[in-house]
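Student:
Protein chains: 4
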Amino acid sequence: MASNEAPKKIVLAYSGGLDTSVILPWLKERYPGVKLVAFAAELGQGSELKGVEEKAYKSGADEVVVMDLRKEFAEQYCWPMLRAHAIYEQDYLLGTSIARPLIAAKQVEVARQTGADAVGHGATGKGNDQVRFELTYMALAPDLKIIAPWKDTSFELRDRESAIEYADKHGIPIPVSKKKIYSQDRNLWHISHEGAEIEHPDAEPNWEACLTMTVPPEKAPDQSEIVEVGFERGNPVSVNGKAMAGHDLLAALNEIGGKHGVGVTVLAENRLVGMKSRGVYETPGGTILYEAHKALEQICVERDTAHFKQQLVLRYAELVYYGQWFHPLREAMQAFIDHTNATVTGTAKVKLFKGRAMQVGAKSPHTLYDPQLASFSMEGYDVTAARGFIDLFGLPMKVAQQAKRW
Amino acid sequence: MASNEAPKKIVLAYSGGLDTSVILPWLKERYPGVKLVAFAAELGQGSELKGVEEKAYKSGADEVVVMDLRKEFAEQYCWPMLRAHAIYEQDYLLGTSIARPLIAAKQVEVARQTGADAVGHGATGKGNDQVRFELTYMALAPDLKIIAPWKDTSFELRDRESAIEYADKHGIPIPVSKKKIYSQDRNLWHISHEGAEIEHPDAEPNWEACLTMTVPPEKAPDQSEIVEVGFERGNPVSVNGKAMAGHDLLAALNEIGGKHGVGVTVLAENRLVGMKSRGVYETPGGTILYEAHKALEQICVERDTAHFKQQLVLRYAELVYYGQWFHPLREAMQAFIDHTNATVTGTAKVKLFKGRAMQVGAKSPHTLYDPQLASFSMEGYDVTAARGFIDLFGLPMKVAQQAKRW
Amino acid sequence: MASNEAPKKIVLAYSGGLDTSVILPWLKERYPGVKLVAFAAELGQGSELKGVEEKAYKSGADEVVVMDLRKEFAEQYCWPMLRAHAIYEQDYLLGTSIARPLIAAKQVEVARQTGADAVGHGATGKGNDQVRFELTYMALAPDLKIIAPWKDTSFELRDRESAIEYADKHGIPIPVSKKKIYSQDRNLWHISHEGAEIEHPDAEPNWEACLTMTVPPEKAPDQSEIVEVGFERGNPVSVNGKAMAGHDLLAALNEIGGKHGVGVTVLAENRLVGMKSRGVYETPGGTILYEAHKALEQICVERDTAHFKQQLVLRYAELVYYGQWFHPLREAMQAFIDHTNATVTGTAKVKLFKGRAMQVGAKSPHTLYDPQLASFSMEGYDVTAARGFIDLFGLPMKVAQQAKRW
Amino acid sequence: MASNEAPKKIVLAYSGGLDTSVILPWLKERYPGVKLVAFAAELGQGSELKGVEEKAYKSGADEVVVMDLRKEFAEQYCWPMLRAHAIYEQDYLLGTSIARPLIAAKQVEVARQTGADAVGHGATGKGNDQVRFELTYMALAPDLKIIAPWKDTSFELRDRESAIEYADKHGIPIPVSKKKIYSQDRNLWHISHEGAEIEHPDAEPNWEACLTMTVPPEKAPDQSEIVEVGFERGNPVSVNGKAMAGHDLLAALNEIGGKHGVGVTVLAENRLVGMKSRGVYETPGGTILYEAHKALEQICVERDTAHFKQQLVLRYAELVYYGQWFHPLREAMQAFIDHTNATVTGTAKVKLFKGRAMQVGAKSPHTLYDPQLASFSMEGYDVTAARGFIDLFGLPMKVAQQAKRW
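In structure tokens:
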């Protein structure tokens, strides 16, 4: 169990943005003498990580660790979730949820390597991310202290203005980005947007302002495009016949999908911490992959197995959204899921056009689709079989209906 | 229990098409002296019912009953299913499944009124529809004989050529329609297409050839359109502010949705009778309604209720697909669903563009969305609450992870 | 939202025991000038309530409200849960869980009647009961302050010794009961025991010391006894043919069951607040009712309905255990459950002997049990029906197994 | 696909009883020239198999194969089901269901070895067993013909009298057993009884007449007995500290349990083929194992994992009951289950007395039970943690209740 003493050395999840930059000097003031390790994870968030090392040192970090986690992220986190076909509340492909446990697990690793006694993050006290970070810390390293400035009542940098002023005062380089309208989180799998007009559930989001990885459908090409994804055991391995490592494959699909404006959703979702909130998500590559995976599962997975998997995965998606990646239930479910996906090998085609990704075909050496059975031809089919099936299948309902009437 | 004697009077589900037309004289030959009641249901299948009465008599019917069931179909069958938000295998909105029990229930009614001792249908022995018809007959009238020529080993009219020849010989009017490429079923909720290239799971369907209620996305307007649907207790009641009866509302949305090419899916699905088959479905109005209903549920239904409903509805969709509309489990589930939808009142906006229908906003007097809670503002929020929550929420996982390591 | 000011008038859930008695003067010290309403609920907890009014005044209460809630408890709380057939973690019949929301709801009622601005309870910060009380307060009266001394860091009466000393000092009547070995909670439905050797999961409980409502099986009569329970729509209405109000019926069954030592379980359960704990439960009457209700459901409820109900009720039991009685999901589930129990009318016989209650028969006017179908006689049964059933039922599994082998 | 020609060589599931004995000469008459392989499986059904080989030859078998499957049955069929903790309809421990797929799978093996083109069984057309046999045949060897005389309309030996007469005529040795009152099925795991008064759901079974593996509770010892079962990864490995192979362990527990009359249930259950039927089951050893396994799981399996497993296993039990042991869904579920049972290692004590088996304690090196957390001691516990937990856990319900009132 973590003690209540002040931390001596903290590994902080560091993004290079204003929010986590001001936390560095603030922690130095809050815990005099504390050593700070800024940990930055390359998860494919775009240009954000440029110069992150220098910036961290300038902001007060004693050590800086940058890790390129893109391959691990794609293959060890996104792919298992894709095999599950996990979707939260019908429309959210879990892009932020799936990244947090990886970052937190690596922070723990860095804490062990650098002899730190604490880990910390800059997530607020009203959101899901604090839970995702901290559950992972607790599961993997219950002895480490957890430092979360936003939940510290003495933390006062709660709006952009205070943060900029504080940064100025402490000589922290402020990104010369245009004023951020939305609160965003980006990685190789997706980008999320919250805040501004998105917070009003009856307002259409300002797509022009927020869309980042994708174009608005109106600006997508007038010509549709079909992309073919190859799978082995439920894992994507190639695009249009070209084998690729996980992160490269995802990047390639993000580009194709982004061009056609696919993978954008807006939803009012239920946070783990109890309130409803609204977000816009762009998941271009992931959306193509889900559509392709669905097409392939349709021909490779047996009916009752597929139906039960759908049910099980609702809970799996909850676990991922709730930050419980390292939960024994998630792990046991993964064993179920991976068993069902052992034969999900083959290719699927997805058509992209003006904001929609739609599967249009799939084939597999393990297909369960039997054209002879599927067709209307009655050749070789016992026309009397259905009679007995219906009689026995319908018997309980028939008896129940009669009892009701008597 | 139905006896084994030959039927004396059969109420046949009659569509006016070639398939059911030839069944009339065939039944007369098969059961000499039998009386035939041709029952045709107006479910919004378009022009198919024109002249159906005359055609039936010419084909050998002794009585003809035509019923306009569009309002009942929309409000008593489609709406309960919409409140459930039932979807079979992720993509099928159950358009054929939901219509069969209504037709069969009305056949039973007609049998009672006309003193018939049998009901019959022209569905084949390999498909789902035979089950849907017969389960309903069995549930509502177990004493009636079930006549299903396609499952009669002496039935020989199993292809179009034999049927046409037989029709010619018996003076049955043959519809001068162009050669049917696909096997189709249409009603106010949808049209389905099976057969031809659709039977090949790796082939993209020939959209130009099959699409009927919708245009291909490429031919949809370059301008998007937003439609606003009003709901009361989960039931759609207005479009763009104009109150409408169920069937009119559905027809209006079919037109709008069809124009924008929305609501088209293709899937390899699992039939109840065991094989996989592939179909194309067009559900323009239904797709808009599902998207609008989802948006409204997101703000009106509490989290754990919404999550459990998602799970329950997977089973509900199975029941509908399996033809078990009059099943006590479907009825008990409906009680659950209707309870959850008691506050689903308000409006939702859906944007239509080039084949995609996407919710972009919703509002409700019963909204559970609290802008103050949803926002990033920490004003009035206890920043320390999350600490205790995470500690206790995460405790079981933390203890389990530690035990694993020992 | 409840304000942070000191409470002016508190309605305290008061049991008359030492624990809640010392809380009265303590609250007066903690909140100078506060008015205290001691609320005691008669739930059939035995002799505990004798003299409770006098004791409360002596302990410092300004007002005392005692309500006899036994009938409401039995019929409006226990019966709905019985219709659900809810069991937590296979063995706990939820006796404490089901009583808390009723007490809390009545406290809110009393608060409204007496103009109080706060409600309070004496449950500790490690258990489930605090959650059950407070969730109900929050749901029904979010404006009321919640006072929970055990979670107040300034509360120091955390063990029996401090409490006795404090009581002495404040002139509070101390119950001259023998030293309590176990922490117990009793009502008409059950009694629970925690603490002492029960806390050691590998130790057999000291039955002689803890059993209260039941005799140890070794001391039960050598003669078995059969009790017949009558039900209407899933609700018990008579015992051995004699109609009774809910609380009388429960008391009668407790006596019969207690005599035969039935309804005792010990289990290591999972608390909502995250840890595992172990308890002994005595639920003699409830156990008989569950067994009888099961027997009747077996003949009155259709198969797939019964199977789905079993699954749904696992979640229902969680909700009850977690204190979420007034949760919209519990209410929607109740609609489902009550629908399934509309035909659960009839009688069931339960045999009691040396610690075991076992159903031995049931009958109902709505029985779905058809002796002709159940028997081995093949008379009137189509021996060929099963052939078609098995062929189609088994088709997906057969195809899947073949695909695996290729 | 199996052809429609007459079978040339049939492997028949042969029990040595009258029912399957008469089938041998009957098959010879039905299919002139057919070769018959009588396959008898030793599953611990008691003395029934004595002289089975001789009897089979006398009855007309051309080849006889007897296999001792007791170890495989216990360890590869019963144990996986025990790890699942599968129970059908609350009370049936699936003793017949679990044996059929093993027998059928071995028949297929024997068919391959002996060059047979058909497999057959003597189960009737109204029961579950025909499905269990045939689904396994279909899954493992779809090319083999299935011979089921009871579903052959020309089979006339449908009652005991006809069978005895036929046996006499064909010189078949008739077992000199007393007249069988009940239809029974016995193996190492259980014995089932159907027929006679058991078919009347309101009649208490005649225990004296039917009980076989157990004594009636009234005749059990007046002294209780505690048995300790050791488990490794969810599999029982020892009794009272003595390591045993699966079938020996089961036999030992059957004896101990039988002596105390434990493991007897009677229930009206729902058959797969649609009707309700009623049976008495004796599962003495299995009941002890389930109770012990439950006790150990309670301390070794994390809460949410345990809760989800309970739900999943309802479907697993259906699959076993429905004869779908070789179903891909059962196999995927087993992967889930085995993952959850990886830490279910330790010992559990079960107390046996007059018909009841009751767990009274368990211990494990992987226990998640933390006495410090479980106790009422608040030492080292953050009394304020629960506040935040309740606030956020209860937020959705609170908001929903408020919305309802507006």
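Chains as they are written, first to last, in my numbering: chain A, 15 to 420; chain B, 15 to 420; chain C, 15 to 420; chain D, 15 to 420. All residues carry an ideal CB built from backbone N, CA and C; glycine is no exception. Because the structure is a prediction, the values reported are computed rather than measured.
Looking at the unbroken alpha helix (DSSP H) that takes in residue 245/C, where does it start and where does it end?
Tutor: Counting from 1 along the third sequence, the entry for residue 245/C is found at position 231. Note, residue 245/C: premise wrong, no alpha helix (DSSP H); beta strand (DSSP E) at 239 to 246.
Student: For the alpha helix (DSSP H) containing residue 183/C, list its first residue and its last residue.
Tutor: Taking the third sequence and counting its residues from 1, one reaches residue 183/C at position 169. Note, residue 183/C: alpha helix (DSSP H), 174 to 183.
Student: Between residue 421/B and chain C, is any beta-carbon pair separated by less than 7 Å?
Tutor: Since the first residue shown for chain B is 15 and the last is 420, residue 421/B is missing from the structure and cannot be characterised.
Student: Where does residue 82/D land, buried or exposed, given buried means 16+ other C-beta within 10 angstroms?
Tutor: One-based indexing of the fourth sequence puts residue 82/D at position 68. Result: exposed.
Student: Alpha carbon to alpha carbon, how far is residue 337/B from residue 407/A?
Tutor: Walking along the second sequence from the start, residue 337/B turns up at place 323. Walking along the first sequence from the start, residue 407/A turns up at place 393. Going from the Cα of residue 337/B to the Cα of residue 407/A covers about 11 Å.
Student: Which word fits residue 421/D, buried or exposed, when buried means at least 16 other C-beta atoms lie within 10 angstroms of its C-beta?
Tutor: Here chain D comprises residues numbered 15 to 420, so residue 421/D is not present and cannot be evaluated.
Student: Would you say residue 365/C touches the ligand PLP, meaning its beta carbon is less than 6 Å from a heavy atom?
Tutor: Questions concerning the ligand PLP fall outside what the structure shown contains, since it holds no ligand whatsoever.
Student: Compare the C-beta of residue 150/A with all C-beta atoms of chain D and state if any pair is closer than 7 Å.
Tutor: Taking the first residue of the first sequence as position 1, residue 150/A is located at position 136. No, because no Cβ of chain D sits closer than 7 Å to the Cβ of residue 150/A.
Student: Measuring alpha carbon to alpha carbon, tell me which of 180/D, 188/D and 126/D ends up nearest residue 158/D.
Tutor: On the fourth sequence, position 144 is the one that residue 158/D refers to. The candidate whose alpha carbon is nearest that of residue 158/D is 126/D.
Student: What span of residues does the alpha helix (DSSP H) with residue 386/B cover, start to end?
Tutor: Start at 1 with the first residue of the second sequence, and residue 386/B comes out as number 372. Where residue 386/B is concerned, the enclosing alpha helix (DSSP H) stretches over 385 to 388.
Student: Assign residue 254/D to buried or exposed, taking buried as 16 or more other Cβ atoms, counted over all protein chains shown, within 10 Å of its Cβ.
Tutor: Stepping through the fourth sequence from its first residue, residue 254/D is reached at position 240. Exposed, by the Cβ-count rule.
Student: Which bits of chain C does residue 318/B rub up against, with CB to CB less than 9 Å?
Tutor: The count along the second sequence starts at 1 and reaches residue 318/B at position 304. Neighbours of residue 318/B on chain C, chain order: 329, 333, 338, 341, 342 and 343.
Student: Using a Cβ-Cβ cutoff of less than 6 Å, which residues in the same chain neighbour residue 34/B once the five nearest sequence positions on both sides are dropped?
Tutor: Translated into positions along the second sequence, residue 34/B becomes position 20. The residues are 28 and 136.
Student: For residue 161/C, which of helix, strand or coil comes out of DSSP?
Tutor: If you number the third sequence from 1, residue 161/C lands on position 147. Three-state result, residue 161/C: strand.
Student: Does residue 321/A get closer than 7 Å to chain C when you measure Cβ to Cβ?
Tutor: Translated into the one-based positions of the first sequence, residue 321/A becomes position 307. No, because no Cβ of chain C sits closer than 7 Å to the Cβ of residue 321/A.
Student: How many Å lie between residue 274/D and residue 317/A at the Cα?
Tutor: As a working note, residue 274/D is residue 260 in the fourth sequence. As a working note, residue 317/A is residue 303 in the first sequence. In a straight line, the C-alpha of residue 274/D is about 45 Å away from that of residue 317/A.
Student: Output yes if chain C places a C-beta closer than 7 Å to the C-beta of residue 397/B; else output no.
Tutor: Locating residue 397/B in the second sequence gives position 383, where the first residue counts as 1. Cβ-Cβ to chain C under 7 Å: no for residue 397/B.
Student: Less than 7 Å between the beta carbons of residue 218/C and residue 375/D, yes or no?
Tutor: As a working mapping, residue 218/C is identified with position 204 in the third sequence. As a working mapping, residue 375/D is identified with position 361 in the fourth sequence. Result yes, Cβ atoms of residue 218/C and residue 375/D sit closer than 7 Å.
Student: List, in order along the chain, the chain B residues whose C-beta lies closer than 8 Å to that of residue 401/D?
Tutor: Along the fourth sequence, read from residue 1 onward, the residue named residue 401/D stands at position 387. Those within 8 Å of residue 401/D in chain B are 399 and 402.
Student: Answer with yes or no whether the minimum CB distance from residue 324/B to chain A is below 7 Å.
Tutor: Numbered from its first residue, the second sequence carries residue 324/B at position 310. Closer than 7 Å: yes.
Student: As an exercise, report each continuous beta strand (DSSP E) stretch of at least 3 residues that is fully enclosed by the region 263 to 325 of chain A, in chain order.
Tutor: 278 to 284 and 290 to 296
Student: Among the candidates 241/A, 124/A, 260/A and 281/A, whose CA atom is the shortest distance from the CA of residue 84/A?
Tutor: The residue given as residue 84/A occupies position 70 in the first sequence. If we check each option's Cα against that of residue 84/A, 260/A comes out closest.
Student: Measure the alpha-carbon distance for residue 133/B versus residue 54/B and round it to whole angstroms.
Tutor: Here the question's residue 133/B lines up with position 119 in the second sequence. Here the question's residue 54/B lines up with position 40 in the second sequence. One C-alpha to the other measures close to 13 Å.
Student: Anything in chain D within Cβ reach of residue 407/B, meaning under 9 Å, just list it in chain order.
Tutor: Translated into positions along the second sequence, residue 407/B becomes position 393. The contacting residues are 403, 406 and 407.
Student: At what residue ranges does the region 40 to 86 of chain B contain a whole run of the alpha helix (DSSP H), taking only runs of 4 or more?
Tutor: 66 to 73
Student: For residue 26/C, list the residues DSSP reports as bridge partners.
Tutor: Taking the first residue of the third sequence as position 1, residue 26/C is located at position 12. According to DSSP, residue 26/C bridges with 52/C and 134/C.
Student: What three-state label does DSSP hand residue 355/B in the structure shown?
Tutor: Within the second sequence, numbered from 1, the residue matching residue 355/B stands at position 341. Of the three classes helix, strand and coil, the one that applies to residue 355/B here is helix, per DSSP.
Student: DSSP three-state label for residue 403/C, please.
Tutor: On the third sequence, position 389 is the one that residue 403/C refers to. If DSSP states are grouped into helix, strand and coil, residue 403/C belongs with the helices.
Student: Give the residues of chain C in contact with residue 118/A, contact being defined as C-beta atoms less than 9 Å apart.
Tutor: Position 104 of the first sequence, counted from the start, is the residue given in the question as residue 118/A. Those within 9 Å of residue 118/A in chain C number zero; the least Cβ separation is about 20 Å.
Student: Is the region 363 to 383 of chain A close to the region 297 to 310 of chain A, with three or more CB pairs under 8 Å?
Tutor: yes
Student: Would you verify that the beta carbon of residue 216/A is, or is not, closer than 7 Å to some beta carbon of chain B?
Tutor: Residue 216/A sits at position 202 when you count from the first residue of the first sequence. It does; some Cβ of chain B falls within 7 Å.
Student: Taking a Cβ distance cut-off of 7 Å, strictly less, list which residues of the region 165 to 179 of chain A are near chain B, in chain order.
Tutor: Among the residues of the region 165 to 179 of chain A, those with a Cβ less than 7 Å away from any Cβ of chain B are 165, 167 and 172, in the order of the chain.
Student: For residue 350/D, go through chain A and note every residue whose CB falls closer than 7 Å to its CB, in chain order.
Tutor: To locate residue 350/D, count along the fourth sequence from 1; it is residue 336. Those are 346, 347, 349 and 350, listed as they occur along chain A.
Student: For the beta strand (DSSP E) that residue 372/D lies in, which residues bound it at each end?
Tutor: Counting from 1 along the fourth sequence, the entry for residue 372/D is found at position 358. Taken as a continuous stretch (DSSP letters only), the beta strand (DSSP E) holding residue 372/D covers 370 to 377.
Student: Anything in chain C within Cβ reach of residue 353/B, meaning under 9 Å, just list it in chain order.
Tutor: Mapped onto the second sequence, residue 353/B falls at position 339. Ordered by position in chain C, the residues that pass the 9 Å Cβ test against residue 353/B are 342, 345, 346, 347, 348, 349 and 350.
Student: Among the candidates 340/A, 378/A and 40/A, whose CA atom is the shortest distance from the CA of residue 176/A?
Tutor: Counting from one through the first sequence, the residue named residue 176/A turns up at place 162. Comparing Cα positions, the closest option is 40/A.
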